[in-house]
Amino acid sequence: MPHKTYNTPKRKCVVKTRLTEDERRAFEDKCAALSMSQSEYIRQAVFYSRISPVIRVTAHSEEMLTAISSLVAQYGKIGSNLNQIARYLNEYGAPYNALSSEVRAAVSDLAALKFEVLKVIGEAYGNDQAYQL
1 MPHKTYNTPK RKCVVKTRLT EDERRAFEDK CAALSMSQSE YIRQAVFYSR
51 ISPVIRVTAH SEEMLTAISS LVAQYGKIGS NLNQIARYLN EYGAPYNALS
101 SEVRAAVSDL AALKFEVLKV IGEAYGNDQA YQL
């Protein structure tokens, strides 16, 4: 009888971890409930599960949130100043139109940067805290 071949990649690397007895039993129960080998369960968990980091709020992270909040507020003030400059340049017409459009582009870039900062902070600290900035 010929040897049966499988269309699976050759896996040579081994990953190990330690579990408590309770964790091991729970892991084996999950594998059995899904009719899945331990190796396949771990591969599925590693490559297809979403990992949510646990953020612990410390004095340092509170200071960082305060600093970022101040930075975002400064972005808003800078944007307001740029809008006032652009409005003033628009009042004086043709000689300043090119400069006015550059100022408006800077305002747009600043707004995009502000929202990018908020997005990154929201992902790192949780959206509830980011929206409070």
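The numbering of the sequence shown is UniProt numbering, which starts it at 1 and goes up by one. Ideal Cβ placement from N, Cα and C applies to all residues, glycine included. Computed from a predicted model, the values in this text were never measured in an experiment.
Asked: Considering only the beta carbon of each residue, do I78 and V117 sit closer than 8 Å?; Found: no
Asked: What is the rounded straight-line gap between the Cα of F27 and the Cα of Y41?; Found: 9 Å
Asked: When DSSP labels each residue in this structure, what does R18 get in the three-state scheme?; Found: coil
Asked: On the three-state DSSP scale, how would you describe S80?; Found: helix
Asked: Hey, L89 and L82: beta-carbon distance below 8 Å or not?; Found: no
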